[in-house]
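Add 29 to a position in the sequence shown, counting from 1, and you land on the number used in the working numbering.
Think of the CB as a built atom: it goes at the ideal place given N, C-alpha and C, for glycine as much as any other residue.
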Amino acid sequence: MKAPHQQVTLDATGDSIRRGRSFAVRAARDLGVGPQTLAVVELLASELVTNAVKFGGTNGVVRVGVRPDGNLLRMEVSDCSGTSPTVDAGRPAHLGGHGMKLVETLCEDWGVTRDRVTGGKTVWLTLAPDCTFRG
């Protein structure tokens, strides 16, 4: 992986979902990530940014960051809410609520880091650069 950390700050609006997803894919491509992994980056960025916009508080901002982490790709999405996302595996027929299950299934690792100054959080995940959809 070649390029340094890349980050963008967006207003927490519906348009930020598309822009955050596009940014993450571009940044991962700049790091040399291949097409199959870019599809995973696009899906997971969409899920994390959607959560940040939907649950991150009103009048806030969303930050999307992508960088190398050893041999892995690290993506971070920050928002103004201190509430952690949860993996909801118990409602397969329910519409919505499956984003963090996708994160848990497709990435190497994920977690939440709290920002003690703002009271917000960063949800982060790591992906292998050759990650593909596993069925």
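Which residues bound the alpha helix (DSSP H) around residue i?
{"i": "T151", "result": "Unbroken run through T151 is the beta strand (DSSP E), 150-156; no alpha helix (DSSP H)."}
{"i": "T79", "result": "64-84"}
{"i": "L131", "result": "128-135"}
Excluding sequence positions up to five away, which residues of its chain have a Cβ less than 6 Å from the Cβ of residue i?
{"i": "V141", "result": "S113, K150, V152"}
{"i": "V37", "result": "F52, V93"}
{"i": "E105", "result": "G94, T151, W153"}
Apply the 10 Å Cβ neighbour rule to residue i and answer buried if 16 or more other Cβ atoms are within range, or exposed otherwise.
{"i": "D159", "result": "exposed"}
{"i": "T66", "result": "buried"}
{"i": "G148", "result": "exposed"}
{"i": "N3", "result": "Missing from the structure shown is residue 3; the chain here goes from 30 to 164 and no further."}
{"i": "A128", "result": "The sequence as given places Gly at residue 128; Ala does not occur at that position. Buried, because 16 or more other Cβ atoms sit within 10 Å of the Cβ of G128."}
Looking only at its own chain, which residues have a Cβ that is under 8 Å from the Cβ of residue i, when we skip the five neighbours before and after it?
{"i": "L131", "result": "L72, L73, E76"}
In this structure, what does DSSP give as the bridge partners for residue i?
{"i": "P97", "result": "L102"}
{"i": "L39", "result": "V91"}
{"i": "D108", "result": "K150"}
Excluding sequence positions up to five away, which residues of its chain have a Cβ less than 7 Å from the Cβ of residue i?
{"i": "G85", "result": "A41, V91, D108, C109, S110"}
{"i": "I46", "result": "S75, V78, T79, V82"}
For residue i, report the span of its beta strand (DSSP E) as first-last.
{"i": "G140", "result": "138-143"}
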